[in-house]
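**Student:**
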Amino acid sequence: MTRVAERSRSVYSVAQQLPWLHDWEFMATALQTLELFYEKPVRFICFSTWRILAPDQSMITARAPLVWLRDTLDTKPGAVKLSRASLPNDRIEAAAAVSFDDEIIGALVMLPAEDGLALDDKPLAYLGRLAEAISANLSGLGSIEQIETRKPHPSFTLGTPRKGVMPASLGSAKTTAPCERDRQRFPFEDHPCPTLLVWMDELQISQINRAARRLFKEEGISARGETLAQIYEIESGDQLSDKFDELTSHCTCQQGVTLKVRSPSTAEHELRVSRTRNGSEDAWLISIMDVTSQLQQQAEVRQLAVTDKLTGLHNRLAFDKRVERAFTRAAEQSHEIGLLMVDMDHLKLVNDTMGHEFGDALLKEVANRLKRLEEKGHLVARLGGDEFAVLLEPITCAELQQTIKDLPELIQTPVKLGDQLIHPSVSIGAACYPRHADNAKDLIRFADVALYSAKNKGRNCTKLFSEGMQQRLDRSATIAERARGAVETRRIELAYSPIIDLQTNEIRHLAAQPCLPKLGGRQSREGGLYDSLSDYGLIADLHALALEQTITDIKRLDSDQFPFENVTVTTPLQALFRSSFLSTLVELTDHAGIARERITIEVNESKITPRNHMGVVQRLQDVSQMGFGICLSHFGSGIASLSYLSKLNLRFLKMDAQVIEQLSSQRNGRLLLASGFGVARNLNLSIVATNLRSDVQEWTFDQLGGMLGQRGGSAHTVSLRHLLNLCPQWNMNGAAAPSIAQGTGTH
1 MTRVAERSRS
11 VYSVAQQLPW
21 LHDWEFMATA
31 LQTLELFYEK
41 PVRFICFSTW
51 RILAPDQSMI
61 TARAPLVWLR
71 DTLDTKPGAV
81 KLSRASLPND
91 RIEAAAAVSF
101 DDEIIGALVM
111 LPAEDGLALD
121 DKPLAYLGRL
131 AEAISANLSG
141 LGSIEQIETR
151 KPHPSFTLGT
161 PRKGVMPASL
171 GSAKTTAPCE
181 RDRQRFPFED
191 HPCPTLLVWM
201 DELQISQINR
211 AARRLFKEEG
221 ISARGETLAQ
231 IYEIESGDQL
241 SDKFDELTSH
251 CTCQQGVTLK
261 VRSPSTAEHE
271 LRVSRTRNGS
281 EDAWLISIMD
291 VTSQLQQQAE
301 VRQLAVTDKL
311 TGLHNRLAFD
321 KRVERAFTRA
331 AEQSHEIGLL
341 MVDMDHLKLV
351 NDTMGHEFGD
361 ALLKEVANRL
371 KRLEEKGHLV
381 ARLGGDEFAV
391 LLEPITCAEL
401 QQTIKDLPEL
411 IQTPVKLGDQ
421 LIHPSVSIGA
431 ACYPRHADNA
441 KDLIRFADVA
451 LYSAKNKGRN
461 CTKLFSEGMQ
471 QRLDRSATIA
481 ERARGAVETR
491 RIELAYSPII
501 DLQTNEIRHL
511 AAQPCLPKLG
521 GRQSREGGLY
531 DSLSDYGLIA
541 DLHALALEQT
551 ITDIKRLDSD
561 QFPFENVTVT
571 TPLQALFRSS
581 FLSTLVELTD
591 HAGIARERIT
601 IEVNESKITP
611 RNHMGVVQRL
621 QDVSQMGFGI
631 CLSHFGSGIA
641 SLSYLSKLNL
651 RFLKMDAQVI
661 EQLSSQRNGR
671 LLLASGFGVA
681 RNLNLSIVAT
691 NLRSDVQEWT
701 FDQLGGMLGQ
711 RGGSAHTVSL
721 RHLLNLCPQW
731 NMNGAAAPSI
741 AQGTGTH
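Under our numbering, the residue at position 160 of the sequence shown is numbered 160, and the numbers go up by one with no gaps.
1. Could you tell me which residues DSSP pairs with Arg711 in its beta bridges?
2. Checking contacts by CB at 8 Å: is Leu620 closer than that to chain B?
3. Do Lys555 and Ala595 have their C-beta atoms within less than 8 Å of each other?
4. Starting from Phe358, follow the alpha helix (DSSP H) in both directions and report where the run begins and ends.
5. With distances taken Cα to Cα, identify the nearest neighbour of Gly429 among Gln470, Asn209, Lys463.
6. So, helix, strand or coil for Ser624, using DSSP?
7. Please return the same chain residues whose Cβ sits closer than 7 Å to the Cβ of Asp448, not counting the five positions on each side in sequence.
8. So what does DSSP say about Gly106, is it helix, strand or coil?
9. Compare the C-alpha of Gly418 against each of Asp360, Lys457, Asn456 and name the closest.
10. When you compare only the Cα positions, how much space is there between Ile404 and Ile599?
11. Going by the beta-carbon positions, is the gap between Val380 and Leu339 smaller than 8 Å?
12. In or out: Asp282 buried (at least 16 other Cβ within 10 Å) or exposed?
13. So what does DSSP say about Phe562, is it helix, strand or coil?
14. I need the boundaries of the alpha helix (DSSP H) containing Glu336, first residue and last residue.
15. Rounding to the nearest angstrom, what Cα-Cα distance links Asn684 and Phe652 in this structure?
16. Beta-carbon within less than 7 Å of Gln16's beta-carbon, same chain only, minus the 5 sequence neighbours each way: which residues are those?
17. Are there 16 or more other CB atoms within 10 angstroms of the CB of Asn460, so buried, or fewer, so exposed?
18. Please return the same chain residues whose Cβ sits closer than 7 Å to the Cβ of Asn368, not counting the five positions on each side in sequence.
19. Which residue from Pro264, Ile288, Glu226, Leu197 puts its Cα closest to that of Arg214?
20. Helix, strand or coil for Pro77 per DSSP?
21. Where does Lys463 sit, in a helix, a strand or coil, going by DSSP?
22. Taking C-alpha atoms, which residue in Leu373, Arg382, His378, Gly384 lies nearest to Pro408?
23. Verify whether the separation of the beta carbon atoms of Ala94 and Leu82 is less than 8 Å.
24. Spatial neighbours of Ser664 within its chain, please: C-beta separation below 7 Å, excluding the five flanking residues on both sides.
25. Here's a check: name, in chain order, each residue in its chain whose Cβ is nearer than 8 Å to the Cβ of Ile337, leaving out the five neighbours to either side.
26. Lys217: which of Glu189, Gly256, Leu203, Ser265 sits nearest, CA to CA?
27. Where does Thr328 fall in DSSP's three states?
28. Determine, using beta carbons only, whether Gln660 and Leu648 come nearer to each other than 8 Å.
29. Please list the terminal residues of the continuous alpha helix (DSSP H) segment that includes Gln666.
30. Check each candidate in Lys243, Val198, Asp245, Ala212 and name the one with the smallest Cα separation from Thr227.
31. Three-state secondary structure (DSSP) at Asn604?
32. Taking the CB atoms as reference points, tell me whether Asp352 and Val426 lie closer together than 8 Å.
33. As a quick exercise: from Val603, Asn604, Phe577, Val586, pick the residue whose alpha carbon is nearest that of Glu597.
34. Please tell me whether Thr573 and Lys607 are closer than 8 Å, where the distance is taken between their beta carbons.
35. On the three-state DSSP scale, how would you describe Leu313?
36. Which residue marks the beginning of the alpha helix (DSSP H) containing Thr584, and which one marks its end?
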């Protein structure tokens, strides 16, 4: 019989006689310990059966007897590096022999891992030392003959030292006294990872290595002899033991439990555990990782993920999650929820006239004011751009109405930006659960509908959702869609309203504004179509197209020798503040060969606010300097109206006939009108009465010295085709002129 055959039979005989090779518990614990520290797969290979043991006590059979591995370990003492493909789907990175009675009966092998520690001298040394410790424990059994006669069940321990390496004592059931067990040398003393040996029954720390002592010293903790409950913030030792049991129930070392160190320390540690035995007692072998900075970074990342960078408010992600939780609570506790959608008014104008730096500063100031609502437990979020959301819970619908009534006052306190004082304002839409909606999606949608209604009302307005708002929103969406189509196809119609001399009934001027064919409704009113749109870019594009069409129509009227002096073009502020507005206006008129004074830019004074009036005045002054006329409509409805008379070279002032009639019925009103008309005459300004609808209104205006009037109603708004058919001496008191609806169906 060859030497190899003899040795194989001998090894097999030993394996059959060793109880631990049938139980595997101790060996699995040893494998867990190595995996715990090096984060690499570790296996035990039995050379008698060529079975491979994993830490979870599962086993597979090697593809072929690893005789080469046994021969390699037979000639090389200690742990050795290897690189030969061997195990299924793996290769052995390092191995160390396990011996009994001077025979190699198996090997501890380490397999490669992507994230494990580098395989340097220290991991090799520990692999070899653990293999020697196992061999030392086995040697305490004596010879094979002694095993056959005695057949004890070994109790492998981390106890008394043996041969200067890992301790091993075969034990009896006698328990080592605590004072003795705590003096035993800890085999992981020199390990770079902070490591503890903790008694399982009471979680008292028995052994602590150098790295752990250094870590605890930095935290101001004296850990020796203390329990884990004295070091970490846990409710009870039993709960932690249960957690350890759960973590180790599947024999995995890749999970851990994170605990906070008790005050005054603010550190947090991750504990990874492995079962072991010390003498006859159960113990935990625990490795510690300081994860304080890692957790802080994770918390910062989580906070950034739900925080708006500019304002510091919650972002849309946080808002969506909070809304879901709010509806869950509302269902459980039967309370109401309120939702506000808040839009800053005219933020784009601030960005365009003062710069984005000032716009951002204004955003942050408004955000800080809204944030005061969080003092009551509500949530304030910035959804993007100039849009905010406020989730209020619990709140009644009556309380919600009071909140939206008070909120504008909170926002409107002036803000000093640079050398300018800005008066911020917001538009607010509100909806309430369960009065308006029974789910989160509808609540958000209805609050948005209310917001659009507030914006279309003229902004700086609050609206609580009602059923009719949805219909108006649908109409606005239709108008916006048609307007985009007109811009894309470069085709639009203009509605003209003649401005007549009330003494002679002659047409003196024309007022032009865009309209959408077959749309109907209120678009023919002054600024009506622009007021129906909320998209600033679309409004400016539509005006640019209307301006281009106006120039084309003027050339057509001139070619037909239609006598009129100039055309006033309704101009929204969104178009006035477009950077290319003035250059486009100059280019169009000059290219068409039309005198600039024949174009008058008309701005609605009611749209001028304390926040934007300086920018409006500057832009209108630029327009006037280029030779174009300026007209203010709705005169008297804005701020400090008379101040414009001295700052702007105005051509017209337009006043609503109904306002003139109401003022003239009051003594102070008549005095104010007389004063205003006198100033206008001295400045050579023409006052135009708009929306004249009765003889009384016309007579009142005539008594004040007014000469120019603009009839109201769709019957007095005509298309270019009908305008060309009119007699220049149009008698306004005669038959009604054909309207767009009557003649073309485009009203």
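Positions of the beta carbon are idealized from the N, C-alpha and C atoms, including for glycine.
Please read these numbers as outputs of a predicted model, since none were measured by experiment.
**Tutor:** This is what the structure gives:
1. Leu692
2. No chain B appears in the structure shown, which is made up of a single protein chain.
3. no
4. 356–370
5. Lys463
6. helix
7. Met341, Gly429
8. strand
9. Asp360
10. 43 Å
11. no
12. exposed
13. coil
14. Element bounds for Glu336: n/a, residue is neither H nor E.
15. 9 Å
16. Residue placement at Gln16 cannot be trusted, given a pLDDT of 43 that sits under 50; what the coordinates show is reported in the next sentence. Taken in chain order, the list of residues that qualify is empty.
17. buried
18. none
19. Ile288
20. coil
21. strand
22. Leu373
23. yes
24. Arg670, Leu673, Thr700
25. Ala326, Phe327, Ala330, Leu391, Leu392, Glu393, Pro394, Ile395, Cys432, Tyr433, Leu443
26. Ser265
27. helix
28. The sequence as given places Ile at residue 660; Gln does not occur at that position. Contact flag unset, no.
29. Run containing Gln666: none; DSSP gives neither H nor E here.
30. Val198
31. strand
32. no
33. Val586
34. Before going on, a small fix: residue 573 reads as Leu here, not Thr. For Leu573 and Lys607, yes; Cβs fall inside 8 Å.
35. coil
36. 581–592
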